[in-house]
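One structure is given below, encoded as C-alpha cells.
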Amino acid sequence: MIKLRNIVGQCFVLKRHISALYITGDKANENYVTLQPFLDFTGTFRDKVTLQKSIASRGLSIDLELVLAKYATYQIHHDQLQQLENEREKITKELKLLSKSAGTSELLDKLRARGKELRNEVKSLKQKLYPIEDDFIHDYLHLPNILHAHCPQTDEEKLIYRHKPPPTAAPVAMHLDRKDLIHFLDNNRYYMMEQAAHFDVDAMQAMARYFITHGDFIQTCNPDFVRCVLLEANATPLSQYHLVREEHLLNKLNMAYLTGGGAFESFLGTMTKLSVYPSVLPLRYVACGRSYNREEGLVNGPTPSLYTATQTNAVQSFVATQTADEADAELEQVLNLVINFYKALDVPFRIVYVPASSLTPSESLRASIEVYAPSLKRYVCVGRISNYGDYVSKRILFSTRREKHYEFLHLVGGPVLYTTRLIAALIELGIKLDASKLPGALHLGPSMQAMDQHQRDLQEFKDLFK
7 MIKLRNIVGQ CFVLKRHISA LYITGDKANE NYVTLQPFLD FTGTFRDKVT
57 LQKSIASRGL SIDLELVLAK YATYQIHHDQ LQQLENEREK ITKELKLLSK
107 SAGTSELLDK LRARGKELRN EVKSLKQKLY PIEDDFIHDY LHLPNILHAH
157 CPQTDEEKLI YRHKPPPTAA PVAMHLDRKD LIHFLDNNRY YMMEQAAHFD
207 VDAMQAMARY FITHGDFIQT CNPDFVRCVL LEANATPLSQ YHLVREEHLL
257 NKLNMAYLTG GGAFESFLGT MTKLSVYPSV LPLRYVACGR SYNREEGLVN
307 GPTPSLYTAT QTNAVQSFVA TQTADEADAE LEQVLNLVIN FYKALDVPFR
357 IVYVPASSLT PSESLRASIE VYAPSLKRYV CVGRISNYGD YVSKRILFST
407 RREKHYEFLH LVGGPVLYTT RLIAALIELG IKLDASKLPG ALHLGPSMQA
457 MDQHQRDLQE FKDLFK
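If you want it as C-alpha cells, here you go:
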C-alpha cells in the first residue's frame, strides 16, 4: 500500500546526508547497492578554474578547495589500500606456485602468516576509509555540471527567439474568472471543463504526434514514480516532488517519489546501465503524462492559480547523442519543432536561455519556452529544454561502445509543453481553445465532425476493435 506523505513543509527543508546513489561498504549490510555511478575524478578536477566558475555563477555554497583537500585525503588512503591488495594478490600467486612445486613448509607458513596480516590490515584500513570516503563522495556528488558556452552567467536571460510582442490592450479577464471552464480549489486541486478539458488532452497529443511525424521521435509511456537514486543521479532537488510512504521498503535510502510520467526523471530508469550501438544514435523519445513538480510553478505566485498549480499534463522529450556537438544540434532541432508548434497558436511567446543561477546542478544549458500572461504582466514558462552533457549518463551508466572502449552519451531533454499554464494564458489572451489548428492535430472527417461528443467517443471505442 502506498500513501503520499502529508508533510509538505518538512520536505522543503529536507537535506540528505546519506546518498542513495553511492553507498559505502559499511552501509551495504542494511541497504543494497542499486547503482554504482562512474566517478570521473580526473575529468571533473582537470579544469578547476572552469569548475569554480560554474559553482560561482550558479550561486552554490560549495568550497572547492575543501572538496579537493578531501579528495587528496581519500586518494592517499585509497592508494594505501590498493598497495595492500596488490601485495595480497602477489602472495596468493606465490602460495599457488610453491604448493605446485612442493615448496618448504617453513616458507609456506611464512607466506600464510603474512597473508593473514595483510587481510587484517586491509580490513582495518577499510574501516578507516569508510567515513573519509563517505564524506568526500557526498560532497563530490553535489558538484555541478560545467556550464555551456551559450549559458548566460549574469542574472539576465538571453533572448534567442520571440513571436509577436505582448498585447498593449487590457486583458480580457483572469483565467479563474471563467467558471465555465475552470473549477480551481487550490494548487493541488483543480478541474478542467468543456473546451479547456478537451484542449488539455488534445494539445498534448498533438505535440507528441508532431514530434513523431516531423522530428523522428519514438513515443514511450513512462512510470509515475521514480526512485531516489535516479533523482540524485539527475541532481534533482528532492523537495520538487512528493515523497511516497511505502509500508514495506527494502532499501530505506532509495525511497520513491511521485514525479509523473511527464517528468524527465521518469526516462532514466529505462536508460540506467544501458549500452547501445552507435548505429542507433541519436535516440529520440517523447512521452505524454502528468507532471507533479510542486516547486516550479511557485515562481508565478504568490496568488494561487493555474500558473502555480503543482500538477499538469506535459509532453516530455529525451534525446541521447554520442558527442557534444550532436547534442547542440539536437537541441536546436527540438527548439525549431517547438517554435513551429507555438506559432500555430499565434500567441505571444519567446524562447530564452535562462541564467546559470536558475539551473539545476546537472544542467549545463536551459532554453525556457515562455508565453505572455496578461494577468501577471510578464512571461511564464510553459516548457523548457535542457542540455545535460554526459553528466547524468556517467551517473546512470548510459553508454555506447566505440571500438574497444565505452563512451557516455550526451543528453538533451525536458518538458516542451505544460498544458495547464498554456490554457491559462490562452484564456487571458482571448484566444480560442482550439487544438485542431495545431501541428500534429487529428483532423476529423465530415462524418465525424457532424457527430456530437458522445457519438465520437463511442465511435473511437468501436474503432479499437477493428
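First residue of the sequence shown? That's 7 in the working numbering, and the numbers climb one at a time after it. Note that beta-carbon positions come from the ideal geometry of N, C-alpha and C, so glycine has one too.
- For Glu-200, the uninterrupted alpha helix (DSSP H) segment begins and ends at 200-221.
- C-alpha of Glu-139 to C-alpha of Asn-299: approximately 33 Å in a straight line.
- Across the set Ile-166, Leu-70, Asp-46, Glu-434, the C-alpha of Ile-166 shows the shortest separation from the C-alpha of Asn-342.
- Contact between Glu-238 and Leu-27 holds, with the beta-carbon distance rounding to 4 Å and staying under 8 Å.
- A direct Cα-to-Cα measurement between Met-210 and Met-277 gives close to 24 Å.
- Going by DSSP, Lys-116 is part of the alpha helix (DSSP H) stretching over 111-146.
- Cβ neighbours of Glu-127 within its own chain (closer than 8 Å, five residues either side excluded): Leu-90.
- Counting only the Cα atoms, Thr-174 lies some 14 Å from Leu-382.
- The three-state reading of DSSP puts His-411 in strand, counting E and B together.
- Per the coordinates, the alpha-carbon of Ile-429 lies some 29 Å from the alpha-carbon of Tyr-394.
- Classified as buried, Leu-435 has 16 or more neighbouring CB atoms from the shown chains inside 10 Å of its CB.
- As for any beta strand (DSSP E) of minimum length 3 sitting wholly inside the segment 330-408, the runs are 355-359, 371-379, 384-395, 405-408, ordered along the chain.
- In the DSSP assignment, Thr-318 falls within the unbroken beta strand (DSSP E) covering 318-327.
- Just measuring C-alpha positions, the residue of Val-388, Phe-217, Ile-357 sitting nearest Ala-293 is Phe-217.
- For Arg-251, the enclosing beta strand (DSSP E) has its first and last residue at 248-252.
- Of the residues Lys-96, Leu-124, His-83, Asn-151, the one whose Cα lies closest to the Cα of Leu-66 is Asn-151.
- With a cutoff of 8 Å on beta-carbon distance, Tyr-197 and His-204 are scored as not near each other.
- Annotation for Asp-85: no beta strand (DSSP E) segment contains it, though the alpha helix (DSSP H) segment containing it runs 70-106.
- Every alpha helix (DSSP H) of 4 residues or more that sits fully in the segment 235-319 is shown, in chain order, as 274-277.
- The C-beta distance from Ala-350 to Lys-443 rounds to 6 Å, short enough to fall under 8 Å.
- For the 8 Å CB-CB criterion, Lys-279 and Leu-403 form a contact.
- Taking C-beta separations shorter than 8 Å and ignoring five residues to either side along the sequence, the partners of Phe-142 in its chain run Val-73, Lys-76, Tyr-77, Thr-79, Tyr-80, following chain order.
- With contacts defined as CB atoms closer than 8 Å, Phe-347 and Met-213 qualify as a contacting pair.
- When DSSP states are grouped into helix, strand and coil, Thr-160 belongs to the coil group.
- Close CB contacts of Asn-92 within its chain, under the 6 Å cut and outside five residues either way in sequence, are absent.
- By the CB criterion at 8 Å, Val-386 and Val-353 fall outside the cutoff.
- Contact check for Pro-421 and Gly-389: beta-carbon distance about 6 Å, within the 8 Å limit, so the pair qualifies.
- Under the three-state reduction of DSSP, Gly-49 is assigned to helix.
- Around the beta carbon of Leu-259, 16 or more other beta carbons lie within 10 angstroms, which makes this residue buried.
- Taking every protein chain shown into account, the CB of Ser-370 has 16 or more other CB atoms within 10 angstroms, so this residue is buried.
- The straight-line gap separating the alpha-carbon atoms of Thr-226 and Val-286 is approximately 17 Å.
- Look at Arg-64 here: in three-state DSSP terms it is helix.
- Taking 8 Å as the cut-off, the Cβ atoms of Leu-337 and Val-282 do not count as close.
- For Thr-226, the three-state secondary structure derived from DSSP is strand.
- Residue pairing by DSSP places Asp-192 opposite Arg-195 in a beta bridge.
- Residue pairing by DSSP places Gly-419 opposite Phe-324, Ser-392 in a beta bridge.
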